[in-house]
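According to UniProt numbering, the sequence shown is numbered sequentially starting from 1.
The beta-carbon is built from N, C-alpha and C at its ideal position, and this holds for glycine as well.
Working notes, beginning with the structure itself.
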Amino acid sequence: MESAQLSPASASAADVTLSELWFQLRRRWPWFVGSLLLAGLAAFLYLRVTPPEYAFRSTLLLGDQATGSKQTQELLQMLEVKDKGPKMEDEIGVLTSADLVGQVLDRLPFEVTYHAAPATWLNSVAEVQVREQAATTAPFRLRPLPTAPQLTGVRIYVTPLPNGRFRVRADAAKGQLYELPTGRLVQDVLAPRLDEVVGAGDTLRTPLLTAVIQPVTTNAAEAIKADGHYFVLLHDRGNLIREYQQHLGVHPIDRESRIVELTSKGAVPAKETQFLDTLMAVYMQNDLRAKNLTGQKTVAFLNEQIQQLARSVGTSAAAISSFRTTQGVVDVEAQSVSGIQQQSELESRRARVSTNQKYYRNMLSYLRERQGTSQIAAPTSMGIEDPVVDKLILQLAELNSQRAALEVNASAGNPLVTILDERIRVAKESLTQTLANMSRAADIALGDLDTQLARVRSTMSRMPENERQLSELRSKSEFNDKNYQFLVEKRAEAAIALATNATDKKVVDAAAMSGTGPLAPKPGMVMLLALLGGLLVPTGLSLLLDKANSRIQSKQDLSRITSIPMLGVVAHGTKQDKATMLQNPKGPLAESFRSIRVNLQYLSAGLDKQVIGVTSSVPGEGKTFCAVNLAAEMALSNRKVLLLECDLRRPAVMAYFGLAETGAPYGLSTYLAGESTLDESRQPSGVPNLDVLGCGPLPANPTQLLEGPRMTELMAELRRQYDYILVDTPPTGYVAEFFLLLHHLDANIYVVRQNYTDKSLISNIDELHLNNKIKHVYLIINDVHFTSTYEYRYKKDAYTYGY
């Protein structure tokens, strides 16, 4: 039993909450045991069925050179008009693009995955303990034919049979037929079924699977049996690309560095390292191929021009030979040397200007007829030194390259694509305008050179006709020879540059596992989470149940919702305890009421007489039980006590003393009705110093009787005859009789019952107390199970109790 608390709890809310929480949780310790066992079992099963996942990394150095002519790049860098190279974000986008990942997977045999299900007790219940293996460690190979549709997403079991044969079976609710190389969905298949036998190395041909199964070793059958059983999964190209894109990560190791770290994660280390290494190799090969493409186009253009000049050189040589033969001219006169040299120089200049003019016109025609710039040769490759045109061509080419890279992961309506399209249009218009201006300038230069040549030729015409004609033929032949040699030299330079071209990307670290163990699951972390879950789940459930419980559980609940002082706590007792309590005043229940009596005497110190009302909110809370036992305890302390039963609707007092209740001829009802005297109405209880004035016959008008004048006379007479008068009043929540009796009562005891009284009912009595409509009101908690918060035992007529 707990000693009474005569004022609201003064401890802090936090202390009360923690203390209360501790006792609540301790009372529900079986929940925690069961929860921890279930959490531990779940963690054990999770660790057994979850395949380990490892992390992998590699590093790659990205170069700072763009594709295109090296001579053009060097020229623009000297002019400080060219960026250092492609942006880091663009390169990362290329590395993670579906196109590049698809190229990598096309080189790797990842469309078939091999899985082993060992013969364990878990797999005997359900096949959940499965581990994927690398193709190099599997005891057999399954090679699907690329030209036939294959069943994907369904487990295909491979079981060895005698004589080197294999049984292939599959059974699922649904599946899909894909062309593995292209990723094209052929059709959906409902309830696919497959059960075939095929020899080693033979081709299995079915509508669902067309493949060859080849054992890797001679004891493949024994290896499969030792590992339990094997099944394979087939994956189409599209799903494979999406899967590897999801767990592929690329990010720079430092903000100022051009080294990027490639990360991946998976259950098979051999596959993941092979994927990362192949990804870097394909990326560098693509970069080198893009750089070689520009050189190859330059060489092809030079070869075409050289072929044309070779024909011109041959034609010029034949013309000179024919002229000498027909005209008999062997040498040129000395006086024509100067004119010939001048004419040759002017014709050479005119030829170069003409070549420039043709180049500008060809480029203008190409730009007006086509959208791209991939077929435009750089001016320097033609021997035309024009840095302005070089700069514009390179700028346009780089914008097109950026747009092509962005198209890999962006749609045509993407704002970035729209901005690049606008920049490409502006650059193209600027290049077109510049070429048009250059073409007009070339026309002017040609006109001027033609005028000068006309003057020289006029001078030469005055020479002998044969000499003049021979000079012209020689001049044309020399011009063709010089251009031919010039283009041959340029072709040799371009071929050397193409042969020695190399990518500026470099593998810094090859793919390797990060750390020494799996990334997940980590046994220590899983067990810790299981421990936390095993503790938090019952804790949360307990708090939720307590929060949802609207009934009074402890005096701490009362201290939070009311300021009414606590008079005491009545321990829970069995029916036998309650039946024998009046005859055995040394039991736990008697001790509870003894403590309440002491507290009540302390509160009533200085008062000669006391009329104490005992009430509750609703029936069943134990107000009559408390009134009877408190009256008996007061009587045992040598005080003359009367127990007055004013609950005229549901009387129950007399039954506690083994006296007649409704069958009694006299009682309070007959006294108030004037049908009996006080001596006739009251009865001895059998407990020394305790009399009982019961209800008597049930009246038809209890309210009128209690508010009549005889009730006032009765209370006055009882005050003169008794030290204490305990009044068992009706519940406050149902009838109004309690409020009719208030002016007769010196103190009020309000009884609440643990796990029975609703918290909302306390607000009514608390409001009356705060408004001073009820004087001297105190609370008693009845039927408290101390085992949840206290230790209480009775031994050798002495009580020990503690928290």
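- DSSP places D188 in the uninterrupted beta strand (DSSP E) bounded by 184-190.
- In the three-state reduction of the DSSP assignment, Q683 falls in the strand class, which pools E and B.
- Ranked by Cα distance from S124, the options I749, F23, T96, H229 are led by H229.
- If you ignore the 5 residues before and after P523, its C-beta comes within less than 7 Å of the C-beta of L47, all in its own chain and listed in chain order.
- Counting only unbroken stretches of 4 or more residues, the alpha helix (DSSP H) elements lying wholly within the stretch 688-754 are 702-706, 709-721, 737-741, in sequence order.
- DSSP links L61 through a beta bridge to I259, K506.
- Between E717 and the set R474, V526, D450, R682, the nearest pair of CA atoms involves R682.
- Nearest to I253 by C-alpha distance, out of T434, T147, Q246, L62, is L62.
- The C-alpha of K640 is placed about 13 Å away from the C-alpha of G686.
- DSSP, read as helix, strand or coil, puts I612 in strand.
- Counting of Cβ neighbours within 10 angstroms places N638 among the exposed residues, the total staying below 16.
- Look at the stretch 102-148 and you find these whole runs of alpha helix (DSSP H), each 4 residues long or longer: 121-125.
- The continuous alpha helix (DSSP H) containing Y671 extends over residues 668-672.
- A distance below 8 Å separates the beta carbons of C646 and V727.
- Its Cα nearest to that of N362, the residue S439 stands out among S58, S439, D390.
- The Cβ-Cβ distance between C695 and G674 does not fall below 8 Å.
- The C-beta separation of L392 from S430 comes to about 6 Å, placing the pair in contact by the 8 Å criterion.
- Rounded to the nearest angstrom, the gap between the Cα atoms of P731 and N782 is 15 Å.
- For E53, the secondary structure class from DSSP, reduced to helix, strand or coil, is strand.
- The beta carbon of E127 sits closer than 8 Å to those of A117, all from its chain and outside the five residues before and after it, given in chain order.
- When M513, M711, T729 are compared, the shortest CA-CA separation from K623 is found for T729.
- Taking the Cα positions, R169 is about 11 Å away from V232.
- For Y244 against V101, the beta-carbon gap comes to about 5 Å, under 8 Å, which counts as contact.
- For R403, the uninterrupted alpha helix (DSSP H) run begins and ends at 387-407, by DSSP.
- DSSP places D647 in the coil class of the three-state scheme, outside both helix and strand.
- The straight-line gap separating the alpha-carbon atoms of Y656 and M715 is approximately 23 Å.
- Here K174 carries a strand assignment [DSSP, helix/strand/coil].
- For R205, the beta-bridge partners assigned by DSSP are T210.
- Contact annotation: Q610 and D758 have beta-carbon atoms that are not nearer than 8 Å.
- In the DSSP annotation of this structure, the continuous segment of the beta strand (DSSP E) that includes D195 starts and ends at 193-199.
- F23 carries a helical assignment under DSSP once its states are collapsed to helix, strand and coil.
- DSSP, reduced to helix, strand and coil, places G573 outside both helices and strands of the structure shown, so it counts as coil.
- A direct Cα-to-Cα measurement between Y114 and L209 gives close to 16 Å.
- Three or more beta-carbon pairs drawn from the stretch 691-708 and the stretch 647-654 are found closer than 8 Å, and the two stretches are therefore classed as touching.
- Within the DSSP bridge table, the entry for L642 names D691, I725 as partners.
- Assigned with DSSP and collapsed to three states, F301 falls in helix.
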